[in-house]
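Trainee: Note that the working numbering gives residue 509 to position 509 of the sequence shown, counting from 1, and the numbers run on in steps of one.
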Amino acid sequence: MKKALPIGVENFEDIINNEYCYVDKTMFIKELLDLKGKVNLFTRPRRFGKTLNLSMLRYFFEDTKDERRNAGNRELFRNLKIMEAGEAYTGQMGKYPVFSLTLKSAKQKDYNMAIYMIRNAVGTEFERHRAIVEAGKEALSSAEYAQYIEIAEEKAGEVEVQNALRLFCQCMYKVMDKNTVVLLDEYDVPLENAYFRGYYGEMVDFLRAFFEAGLKTNDYLQLAVITGCLRISKESIFTGLNHLNIISILNKKYSEHFGFTEAEVLRLMTYYGVESRFATMKEWYDGYTFGNAEVYNPWSVIKFLYDLQGDIDAYPHPYWINTSSNDIIKDMIAHADRETKGQIETLLSGGTLDIQVHEEITYEDMHEKGENLWNFLYFTGYLTKREEYFIEPSIFLRAGIPNVEVKTIYQNTIMGWLRKRIEKQDFRDLYRVMEEGDAEKMGEMLNEQLFSTISFYDGAENFYHGFLAGILSQSENYLVKSNRESGNGRSDIMVRSPSLRGRAFVLELKVSDSIDNLEADAEKALKQIYDNKYMDELRTEGYRKIDCYGISFYRKDCEVRFGSGIYE
């Protein structure tokens, strides 16, 4: 029996004890101890192993004050790489109290609900250590003990929660005579959500106070590891944290500890006997560069491996789209001007953009200038580094879309935006010229629409088909039938009146490989309708007024040819 894949399992103890397949990332601990950072911020895209790595750190460092549990935690690492690193590292096992907090739950519709969820998460972590505090409460002042219990029982107010991290470290030091290891996961989730929900300023103020109290001049802090997707400027959140060590995806240190390397992916595929599908795995889920390391999206790798176990011929899917917030992409497209639309099309066609790196930005800066937007997309995993170069005093990147999976996210988002945009427009004039057989005017109107959209040409047929079907579906007087998905040899699109006495149209689409072929391809599309007798289905139903259109597309241009369905 092969080990099960840990889909959705982010607890290190659960993975090891229940014998899930685990890609050994424990040398992250060695590198963390070697570099001796006091407060360390790791920024990586969503679903790249940040939560699991923090869980691993918790079980490695935590002194539970229970010898049996400490021994159990040590046993979790028995066959892993860190145990071969030497006593200088293994001697740190089970040595410190650990405060472990995730802010994922603070993704809420309003500020009050977000703070409630943070209060709940902090209270849960206080409650987890309550027995230790109760056993050593004589070392605490009455005020410290009362505040601790109030937070543990989730009765504390907002100000008390802001000071909770510092209070925890102070109490643990007095009770255990040890400094605290602080692990904070997804620190920027509340900020991203607050930006899109409209309470960003309030959340910035809260988190600034929380981080300042717990991480600035905290004599009871051993080390802190913070993870998130974006590096938010020190001025907005980490005010005065001069000892903050920021490790972004540009940093060459720690580069292999988040995400899977190609060697790790190959070992996994060989273990599960699906290495024959490596080319597809690489095309869809590789393409990220962290520091100098080439890495794969671990979530998507595991999901595809799971599907391949059931069917070696399984199709890949954009698994990441369902687990990662795409609000940034949606917001980008909604605000895109003509220049931005052109840049998105360049990326979708496999091209790159040269961008100046700005790591210390805020969500409010996103639309201040184009470079900020591309930086957001880069640090959140929607773009990747193809090349890095330096023009004093700045770092520049040549960036592109990492892989097919991420390109699919762009394309799906664009098609959703296009549908909503089309729904808001009045296309009665287009139907009028279509009824009149005015192919030239119809082409002009479609060209106008194409000019204002974001197109992707590598999936051109699907894009143009969805574009045209979406426009034609807006009429209240006609029904639209798309035959592309059926693969039945029929025309691309049929448009008909509900009444058999009304009008019907047959449309066939072609995508040209150059602007010079537009006219000829439109003629070919029209001829295909006649040669394959696409009108017969409508005639059989009883329609007598049938017109045909051959339409060809090349990038932002189209050509339309008209013919009456009465011709044989």
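Glycine included, each C-beta is placed from N, C-alpha and C at the ideal position.
None of the values given here were measured: they were computed from a predicted structure.
Decide yes or no for the touch test of the region 261-268 against the region 216-235: beta carbon pairs closer than 8 Å, at least 3 of them.
Mentor: No contact exists between the region 261-268 and the region 216-235.
Trainee: Three-state secondary structure (DSSP) at alanine 29?
Mentor: In the sequence shown, counting from the first residue as 1, residue 29 sits at position 29. Alanine is not the amino acid found at residue 29; the sequence shown has isoleucine there. Isoleucine 29 falls in the helix class under three-state DSSP.
Trainee: Counting only runs of 4+ residues fully inside the region 366-432, write out the alpha helix (DSSP H) ranges in chain order.
Mentor: Whole alpha helix (DSSP H) segments, 4+ residues: 370-379 and 404-423.
Trainee: Going straight from the alpha carbon of alanine 131 to that of alanine 152, what length do you get?
Mentor: Taking the sequence shown and counting its residues from 1, one reaches residue 131 at position 131. Taking the sequence shown and counting its residues from 1, one reaches residue 152 at position 152. Taking the straight line joining both Cα atoms gives about 11 Å.
Trainee: Give the secondary structure of serine 255 by DSSP, where H, G and I count as helix, E and B as strand, and everything else as coil.
Mentor: Counting from one through the sequence shown, the residue named residue 255 turns up at place 255. Note: serine 255 maps to coil in three-state DSSP.
Trainee: Can you give me the start and stop residues for the alpha helix (DSSP H) that cysteine 558 sits inside?
Mentor: The sequence position of residue 558 within the sequence shown is 558, counting from 1. Taken as a continuous stretch (DSSP letters only), cysteine 558 belongs to no alpha helix (DSSP H), being part of the beta strand (DSSP E) at 557-564.
Trainee: Which first and last residues belong to the alpha helix (DSSP H) in which leucine 50 is found?
Mentor: Along the sequence shown, one-based indexing puts residue 50 at 50. The residue asked about is misnamed: residue 50 is lysine in this sequence, not leucine. Here the alpha helix (DSSP H) through lysine 50 covers 50-61.
Trainee: Which same chain residues end up closer than 7 Å to glutamate 371 when comparing Cβ atoms and leaving out the 5 residues on each side of it in sequence?
Mentor: On the sequence shown, position 371 is the one that residue 371 refers to. Here the set comprises Ile355, Gln356 and His358.
Trainee: Name the residue from Ala224, Ala209 and Ser300 whose alpha carbon lies nearest to the alpha carbon of lysine 36.
Mentor: For the purposes of this step, residue 36 is taken as residue 36 along the sequence shown, with counting starting at 1. Selected option, being the one with the closest Cα: Ala224.
Trainee: Going by C-alpha to C-alpha distance, which of Glu435, Gly466, Asp557 and Ala314 sits closest to glycine 443?
Mentor: For the purposes of this step, residue 443 is taken as residue 443 along the sequence shown, with counting starting at 1. Considering only alpha carbons, the answer is Asp557.
Trainee: Applying the criterion that 16 or more other CB atoms from any shown protein chain within 10 Å of the CB defines a buried residue, is glycine 86 buried or exposed?
Mentor: As a first step, residue 86 is located in the sequence shown; it is residue number 86 there, counting from the start. That one is exposed.
Trainee: Report the rounded CA-to-CA distance for arginine 69 versus phenylalanine 28, giving the unit in angstroms.
Mentor: To locate residue 69, count along the sequence shown from 1; it is residue 69. To locate residue 28, count along the sequence shown from 1; it is residue 28. Each residue's Cα considered, the two are about 23 Å apart.
Trainee: Any idea what DSSP makes of threonine 540, helix, strand or coil?
Mentor: Position 540 of the sequence shown, counting from 1, holds the residue named residue 540. Helix, per DSSP.
Trainee: Below 7 Å CB to CB, which residues in the same chain sit around arginine 166 once its five sequence neighbours on both sides are set aside?
Mentor: For the purposes of this step, residue 166 is taken as residue 166 along the sequence shown, with counting starting at 1. So the qualifying residues of the chain are Ala213, Gly214 and Asn218.
Trainee: Leaving out five residues before and five after arginine 421 in sequence, what residues of the same chain have Cβ atoms less than 8 Å from its Cβ?
Mentor: Along the sequence shown, read from residue 1 onward, the residue named residue 421 stands at position 421. Closer than 8 Å at the Cβ level, and outside the excluded window around arginine 421, lie Thr453.
Trainee: Going by C-alpha to C-alpha distance, which of Ile149, Met494 and Lys109 sits closest to glycine 123?
Mentor: Taking the first residue of the sequence shown as 1, we reach residue 123 at position 123. Of Ile149, Met494 and Lys109, the residue nearest in Cα terms is Ile149.
Trainee: Out of Asn517, Leu230 and Gly72, which has the shortest C-alpha to C-alpha gap to asparagine 17?
Mentor: On the sequence shown, position 17 is the one that residue 17 refers to. Comparing Cα-Cα distances from asparagine 17 to each of Asn517, Leu230 and Gly72, the minimum goes to Gly72.
Trainee: Helix or strand or just coil, what does DSSP make of aspartate 327?
Mentor: Taking the first residue of the sequence shown as position 1, residue 327 is located at position 327. Three-state DSSP puts aspartate 327 in a helix.
Trainee: When the distance is taken between beta carbons, is tyrosine 111 closer than 8 Å to glutamate 202?
Mentor: For this step, residue 202 is matched to residue 202 along the sequence shown. For this step, residue 111 is matched to residue 111 along the sequence shown. Yes, they are a contact pair.
Trainee: Should serine 349 be labelled buried (16 or more other beta-carbon atoms within 10 Å of its own) or exposed?
Mentor: Taking the first residue of the sequence shown as position 1, residue 349 is located at position 349. Serine 349 comes out exposed.
Trainee: Would the beta-carbon of threonine 352 fall within 8 Å of that of arginine 386?
Mentor: Locating residue 352 in the sequence shown gives position 352, counting from the first residue. Locating residue 386 in the sequence shown gives position 386, counting from the first residue. Taking 8 Å as the Cβ cut-off, threonine 352 and arginine 386 qualify as a contacting pair.
Trainee: Evaluate glutamine 449 with the Cβ neighbour count: other Cβ atoms within 10 Å of its Cβ, from every protein chain shown; 16 or more gives buried, anything less gives exposed.
Mentor: Walking along the sequence shown from the start, residue 449 turns up at place 449. So glutamine 449 counts as buried.
Trainee: Give me the Cα-Cα distance between tyrosine 22 and lysine 30, rounded to the nearest whole angstrom.
Mentor: Position 22 of the sequence shown, counting from 1, holds the residue named residue 22. Position 30 of the sequence shown, counting from 1, holds the residue named residue 30. Going from the Cα of tyrosine 22 to the Cα of lysine 30 covers about 18 Å.
Trainee: Can you name, in chain order, every residue of its own chain whose Cβ lies under 6 Å from the Cβ of lysine 252, other than the five neighbours on each side?
Mentor: By 1-based counting over the sequence shown, the position of residue 252 is 252. Correct list, in chain order: Gly291 and Asn292.
Trainee: I need the DSSP call for isoleucine 312, collapsed to helix, strand or coil.
Mentor: Along the sequence shown, one-based indexing puts residue 312 at 312. Reduced to three states, the DSSP call for isoleucine 312 is coil.
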